[in-house]
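>
Number of protein chains: 2
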Amino acid sequence: MPQKAKETAYSDLIRRILTLVLEPGSDLDEVTLSAEYGVSRTPLREVLQRLAGEGYVQLTSHRGAKVASMDVPALRTFFQTAPMIYAAIARLAAENRTSHELVNLKAVQDTFRKAIRDANATEAALANHAFHAGIGAMANNPYLSACLDRLLIDHTRLGRTFYQPRAPQDQGLIDQALAQHEEMISAFEAHNAERAVALTLEHWDLSRDRIERFVRPDPLPLDTKDAAYAL
Amino acid sequence: MPQKAKETAYSDLIRRILTLVLEPGSDLDEVTLSAEYGVSRTPLREVLQRLAGEGYVQLTSHRGAKVASMDVPALRTFFQTAPMIYAAIARLAAENRTSHELVNLKAVQDTFRKAIRDANATEAALANHAFHAGIGAMANNPYLSACLDRLLIDHTRLGRTFYQPRAPQDQGLIDQALAQHEEMISAFEAHNAERAVALTLEHWDLSRDRIERFVRPDPLPLDTKDAAYAL
DNA sequence: GTATTGTCTTTTGTATACACTTTGTGCACA
DNA sequence: TGTGCACAAAGTGTATACAAAAGACAATAC
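Chains as they are written, first to last, in the working numbering: chain A, 1 to 231; chain B, 232 to 462.
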């Protein structure tokens, strides 16, 4: 099963990038990675090409692969774009979700809840990522999904400390995020697009506040609502 | 210069896909293509992986690469998403464009004009593609660009007959599109976001009407304006 | 006549060797 | 001491050979 090793390399690299085990901008050495995953350089290079296409890594000719960087302008762009796309995806997800996708989303939410209960911040972040990717799948819009997937890469990396309670009140925020997920599920189940969008924007505000507090001491008041309704 | 052959394969495949020389859903044979471009299978496979990441082709395990298909549900999704993203991109492009990018856009527009004057439908379609990709670059938002690029792939393929006048009044539509491009350029130059968005939506309506007439005899009235302002 | 199985062909996936590019280091020389 | 060049080392890019999987087709069993 050499095919499996390649798939492992692919998913494990994603995992390590999302959890910042591989830091943004760090070099990825082909020979090291190929040895690590037990495949030759050829399939590993194909994995890197694929990851580059999905926005996880950046390739430079004759200079190898680097983990996608996260600089300050990218951050500004992220805050500008995320609420708009999240809202659009939520609306479509409420309209188009299938029962099968809903079952899957509930399963992911269970994983998420368990990870939080176990205070496993890494698994919680990955489950949160999977939750929002699952909503993207329900939207059934490959164009917007391409955008969403890239947003989620950076969102998960930015919020890596989110599910790691520091101050006592942090646990409250985490529980709030968990509860919002539950409400979002019920909105999707009811095909209630308006409610799904509203909940999504609430969820975004919670996450945004937390990220801004982490990134800079005094958060600037960003106009997420305006951005979402601007068009 | 073996590096160059790989680059040629990459750009020529894109060209052939956008111009429908390679039809949606058609199989891409690795050995045939590698012989054609004078490279071995290894680099050609990497090109295909890259094209897959960008949405030009679809890879299936053990079953090779196919040109990205365009089915009816995809078409519906396209009409749903395009105006929203085009408008968002136009707004950002007007706000963030650099003078260098503007010079580039004008050069592309010159190419576009010449292609139309020469009645070269293929080159006109490719120049039109480059024009809108250039606007995407001005927006300077990698998240939305990922979405835009995929929309443009399908838009260029759908509108392949646009720049091929059939009836006498078609030439008028083509000239109108050309003029709209000029106006969009001046809006970007003036950093006039509102005007850029309005012109973009006009431009979209023109293109949409033409595509719908081609795809189905009697076009259904789609709510593009609503879609654009829905969020 | 149909279905199933076994073999043959075609195509994709992987490993490895080698070529080329980039980059770092040391030495000569101004 | 600083600059430039040559060479070495490390890492990326490509070709080819081989392995494995999928598909085609015919023979055989029912």
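We put the CB at the ideal spot given by N, CA and C, even for glycine.
Can you tell me which of the three DSSP states Leu290/B falls into?
In the second sequence, counting from the first residue as 1, residue 290/B sits at position 59. Three-state DSSP puts Leu290/B in a strand.
> Mind pulling the chain A residues with CB within less than 8 Å of Gln280/B?
Locating residue 280/B in the second sequence gives position 49, counting from the first residue. What Gln280/B touches in chain A: Glu46, Gln49, Arg50, Gly53.
> So if I threshold CB-CB distances at 9 Å, which residues from the segment 139-158 of chain A count as touching chain B?
If the cut-off is 9 Å between Cβ atoms, the segment 139-158 of chain A has Asn140, Asn141, Pro142, Tyr143, Leu144, Ser145, Ala146, Cys147, Leu148, Asp149, Arg150, Leu151, Asp154 near chain B.
> Give a yes or no on whether the C-beta atoms belonging to Leu105/A and Ile185/A are separated by under 8 Å.
To locate residue 105/A, count along the first sequence from 1; it is residue 105. To locate residue 185/A, count along the first sequence from 1; it is residue 185. Contact: yes.
> Check each candidate in Ala125/A, Leu92/A, Ala119/A and name the one with the smallest Cα separation from Val108/A.
Your numbering for residue 108/A matches position 108 in the first sequence. Closest by alpha carbon: Ala125/A.
> Counting only Cβ pairs nearer than 7 Å, list the residues of chain B close to Met184/A.
Locating residue 184/A in the first sequence gives position 184, counting from the first residue. None at all; the shortest Cβ gap to chain B is about 17 Å.
> Thr273/B touches chain A at which residues, Cβ-Cβ below 7 Å?
What you label residue 273/B is simply residue 42 of the second sequence in a count that begins at 1. The answer, in chain order, is Thr42.
> Below 7 Å on C-beta distance, what does Thr312/B contact in chain A?
The residue labelled residue 312/B in the question sits at position 81 within the second sequence. Here the neighbours are Asn141, Tyr143, Leu144.
> Are the C-beta of Thr329/B and some C-beta of chain A separated by less than 8 Å?
The residue labelled residue 329/B in the question sits at position 98 within the second sequence. With 8 Å as the cut-off, Thr329/B does not count as an interface residue toward chain A.
> To which residues of the same chain is Glu182/A closer than 8 Å at the C-beta, ignoring the five residues directly before and after it?
Counted from its first residue, the first sequence places residue 182/A at position 182. The answer, listed in chain order, is Gln109.
> Can you have a look at His233/A and say buried or exposed, based on whether 16 or more other CB atoms are within 10 angstroms of its CB?
This structure cannot speak to residue 233/A, because chain A is shown only from 1 to 231.
> Find the residues of chain B that neighbour Thr111/A, judging by a C-beta separation of less than 7 Å, and give them in chain order.
As a first step, residue 111/A must be located in the first sequence, where it is residue number 111. Those do not exist, as Thr111/A stays about 26 Å from chain B at its closest Cβ, beyond 7 Å.
> Please say whether Lys297/B and Gly288/B have beta carbons closer to each other than 8 Å?
Here residue 288/B refers to the residue found at position 57 when the second sequence is read from its first residue. Here residue 297/B refers to the residue found at position 66 when the second sequence is read from its first residue. Looking at the sequence shown, residue 288/B is not Gly but Val. Cβ distance < 8 Å, so Val288/B and Lys297/B count as in contact.
> Counting beta carbon pairs with one atom in the segment 43-55 of chain A and one in the segment 271-286 of chain B, are three or more of them shorter than 8 Å?
Taking 8 Å as the limit for Cβ pairs, the verdict is that the segment 43-55 of chain A does touch the segment 271-286 of chain B.
> Kindly list the residues whose CB is nearer than 8 Å to the CB of Val39/A, restricted to its own chain and excluding five residues on each side of it in sequence; keep chain order.
On the first sequence, position 39 is the one that residue 39/A refers to. Pro2, Ala5, Lys6, Ala9, listed in sequence order.
> Looking only at its own chain, which residues have a Cβ that is under 6 Å from the Cβ of Leu462/B, when we skip the five neighbours before and after it?
Position 231 of the second sequence holds residue 462/B. With a pLDDT of only 36 at Leu462/B, under the threshold of 50, the placement of this residue in the model should not be trusted, and no figure is reported.
> Along the chain, which unbroken stretches of the beta strand (DSSP E) at least 3 residues long are found entirely within the segment 58-143 of chain A?
Runs found: 64-67.
> Using a threshold of 8 Å, state whether the C-beta atoms of Thr81/A and Leu375/B are closer than that.
For the purposes of this step, residue 81/A is taken as the residue at position 81 of the first sequence. For the purposes of this step, residue 375/B is taken as the residue at position 144 of the second sequence. Yes, they are a contact pair.
> From the beta carbon of Met1/A, is the nearest beta carbon of chain B less than 8 Å away?
Along the first sequence, one-based indexing puts residue 1/A at 1. Since pLDDT at Met1/A reaches only 48, below the 50 mark, its modelled position is unreliable, and the value read off the structure follows with that caveat. Not one chain B Cβ lies under 8 Å of Met1/A.
> Around the Cβ of Ser438/B, are there at least 16 other Cβ atoms within 10 angstroms (buried) or fewer (exposed)?
The residue you call residue 438/B lines up with position 207 of the second sequence. It counts as buried.
> What residues of chain A sit near Thr308/B, judged by a beta carbon separation below 8 Å?
Translated into the one-based positions of the second sequence, residue 308/B becomes position 77. Correct list: Asn140, Asn141, Pro142, Tyr143.
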